[in-house]
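Everything on this sheet refers to the single structure shown next.
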Amino acid sequence: MDVFQIEGGHTLNGSVSVGGAKNAALPIFAATLLTGETCRIEAVPDLTDIRFMAKILRYLGARVDQTGPHSWEIEAKEVHHRAPYELVRQMRASVCLLGPLVGRLRRAEVSLPGGCVIGPRPIDLHLKGLSRLGCTIDVRNGYVEVDGSGLRGDYLYLGGRHGPTVTGTANMVMAAVLAPGVTRIESAACEPEVVDLCQMLVKMGAKIHGIGSHYLKIEGVKELKGCQHSVLPDRIEAGTLLIAGAMTHGEVTVENVVPGHMRALLDTLESCGVECEIFPDQRQITVKKNSGEYKPVEIITLPHPGFPTDLQAQMLALMSLTPGLSFITERIYPNRFMHVPELLRMGAHISMEGASAVVKGVDQLYGAPIMASDLRASAALVIAGLAAQGTTWIQRIYHLDRGYESLESKLNALGAKINRVDESLLPSELLEDA
Ligand code: EPZ
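full-length UniProt numbering puts the sequence shown at residues 1 to 434.
Now the structure itself:
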């Protein structure tokens, strides 16, 4: 397995371009099951999760061809309804196969997704929504079996204890677009990735109103046609790169972004004294060089348009070097703090109070051997390694490859010193950890 060897202390400067959003591309790939015609998807990030979703679609019977580094052609002419455990367990986002399989085939059999380090990942809202749409659901032997022969439009409320559900909304929309009648979804997620999915479905002939709001009205149609769609830029990758620039006090311009999708982060960065120049017409944002000190912040993660949970770990890394006390509370995934023990190993000063991290900024972080645990925690550890004194070894970086395309190449092009090496090159005292 690969590990990262990061030589800290190098300031990032220059421009970097952001790829397509993983969390849009995955449901968009699933949505191609809704038609027997060909869908051409562009600006797809080159990630293990994407290749994995392609593998599942092929297993279901679709023709799936990668026609370019970021281009795919998918034709689900004849597909079946069963996604097995050995595939689904490897990627939770497989759950968003439920909606399109029910919409297209009126049947679905998808293994229950496993949990993951950021917390239990229930799908009760997905199942409640499908029941409201006339489906009969049976959960047995670790599988969700859906009989959608009675699928029809209806009213459903998708709010849970932690707010709307992103992939739950995607699933309900993908089931409803081919359901006879009208579906009204209240407390729908309005993340930009859900908007992107809806926009693609409209291109395919779906009738969806209220896109971008928490209230969606969907008029079912008989069938959908193929389409061409380009995935929207990844606001989380963009935010990660901006925070990396700020962490090293460099000047970094992130291109191919939609500033309007990043207001909560930009507002938070402004509050902590990270000066950003925003060029909406050129779809770029520059974090300005700042040799001064940043200010501590209070962050609470919330559903969009609130502060995104997927940037919580990255901001926590930045705050670990910011003088004063910062308070970071997780309202989406209360356990999403696997990065904290690793940052403590680097000399950070963080204490946990329930779902809140109290971060007391320190003058210096120190390179250390640390372990990646989940996608965004891994990004936070890379950010910390960029600013740490000395060398940081990050093991299990396969977590990072699930959601970031060549992050180390992008950061090295800005001046970072990150080597991706085989774990056999780890210093001997670390090998037993690998
Ligand atoms: C999506 O996950 C993203 N993944 C996550 O990104 C992101 O963190 C999350 O939305 C929140 O924004 C993809 O889009 C593939 P949810 P999803 O259903 O849809 C609870 C990353 O790092 N909930 O919106 O699975 C749930 O436990 C990943 O890129 C229920 O209680 O998240 C959580 O507390 C990580 N019952 C909250 O709602 C349900 O039926 C939000 O979950 C569904 C969810």
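Glycine included, every Cβ here is placed at the ideal spot set by N, Cα and C.
Close-in-space but distant-in-sequence residues of the same chain around residue i (CB under 6 Å, 5 per side omitted)
i    : result
A43  : G20, H70, S230 and V231
A54  : V64
K360 : L325 and H349
G134 : G150, L151 and R152
M1   : E423
A379 : T240 and Q314
I370 : E342, R345, L381 and I394
V117 : M338, S373 and D374
R104 : L33 and L34
I332 : H162, T301 and T309
P323 : E293 and G361
A76  : T32, L33 and A62
A30  : C96, L97 and P100
L57  : V64
P27  : C96, A170 and L197
S406 : none
With 16 other Cβ atoms within 10 Å as the buried cut-off, status of residue i
i    : result
K22  : buried
E408 : buried
I179 : The amino acid at residue 179 is misidentified as Ile; the sequence shows Ala. It is buried - the Cβ of A179 has at least 16 other Cβ atoms within 10 Å.
R140 : exposed
T67  : exposed
Y294 : buried
A413 : exposed
I421 : Per the sequence shown, the amino acid found at residue 421 is Val instead of Ile. It counts as exposed.
Q389 : exposed
E251 : buried
L425 : exposed
R78  : The sequence given here has Glu at residue 78, not Arg. Looking at its Cβ environment, which holds fewer than 16 other Cβ atoms inside 10 Å, E78 is exposed.
G99  : buried
H80  : exposed
K410 : buried
Q364 : exposed
P164 : buried
T9   : Note that residue 9 is Gly in the sequence shown, not Thr. Classification for G9: exposed.
G142 : exposed
G367 : buried
E270 : exposed
Opening and closing residue of the alpha helix (DSSP H) in which residue i lies
i           : result
residue 450 : The chain is shown only over 1 to 434; residue 450 falls outside these bounds and no answer can be derived.
G292        : It is not in any alpha helix (DSSP H) - G292 carries neither H nor E in the DSSP assignment.
A387        : L375 to A387
G245        : R235 to M247
R132        : D124 to R132
I56         : T48 to L60
S271        : R263 to S271
G390        : No alpha helix (DSSP H) holds G390; DSSP gives it neither H nor E.
D401        : Y398 to D401
7 Å Cβ shell around residue i - same chain, five flanking residues per side excluded
i    : result
C227 : C39, M200, K203 and M204
E402 : Per the sequence shown, residue 402 should be read as Arg rather than Glu. L47, T48, D49 and L375.
S15  : T253 and E255
V146 : L98, V102, R107, A108, L130, C135 and I137
V274 : A246, V287, N290 and Y294
Residue i, enclosing beta strand (DSSP E) - first and last residue
i           : result
S356        : S356 to K360
residue 447 : The shown model of the chain, from 1 to 434, leaves out residue 447, and the question about it has no answer.
Q364        : Note, Q364: premise wrong, no beta strand (DSSP E); not H, not E.
G100        : Correcting the residue identity first, residue 100 is Pro in this sequence and not Gly. Looking at the DSSP string, P100 is not in any beta strand (DSSP E); the run it does join, the alpha helix (DSSP H), is L98 to L105.
V254        : E251 to E255
G68         : R63 to G68
S71         : S71 to E75
residue 435 : No information on residue 435 is available, as it lies outside the stretch 1 to 434 that the chain covers here.
F279        : C276 to F279
Y143        : Y143 to D147
G306        : No beta strand (DSSP E) holds G306; DSSP gives it neither H nor E.
R420        : K417 to D422
E42         : T38 to E42
M352        : I350 to E353
Cβ neighbours of residue i in the same chain (closer than 8 Å, five flanking residues each side left out)
i           : result
P305        : C190, R263 and A264
L156        : K128, G129, R132, L133, M172, T183, R184, I185 and E186
V257        : V18, P233, R235, A238, R283, Q284 and I285
A434        : Note on A434: pLDDT 48, under 50, position unreliable in the model; the coordinate value appears next. The answer, listed in chain order, is M1, V3, Q395, E423 and L426.
L266        : P259, C276, I278 and I285
residue 443 : Residue 443 lies beyond the residue range present for the chain, which begins at 1 and ends at 434; the question has no answer from this structure.
Near the ligand SAM: residue i beta-carbon under 7 Å from a heavy atom
i    : result
H162 : As far as ligands go, the structure on display features the ligand EPZ and does not contain the ligand SAM.
Contact with chain D by residue i, beta-carbon distance below 8 Å
i    : result
D363 : The chain inventory of the structure shown lacks chain D, comprising one protein chain alone.
* Asked: Does the region 251-268 come close enough to the region 329-336 to have 3 or more Cβ pairs within less than 8 Å?
  -> Here the region 251-268 does not lie against the region 329-336, with fewer than 3 beta-carbon pairs under 8 Å apart.
* Asked: Within the chosen definition, does the region 241-250 reach the region 379-386 through at least 3 CB pairs nearer than 8 Å?
  -> Yes, the region 241-250 touches the region 379-386.
* **Contact between the region 206-219 and the region 279-295 (3+ Cβ pairs under 8 Å)** => Short answer: they don't touch.
* Asked: Counting Cβ pairs closer than 8 Å, one from the region 189-200 and one from the region 170-179, do we hit at least three?
  -> Touching, per the Cβ criterion.
* Can you find at least 3 beta carbon pairs, one from the region 81-91 and one from the region 102-119, that sit closer than 8 Å? -> Yes, the region 81-91 is in contact with the region 102-119.
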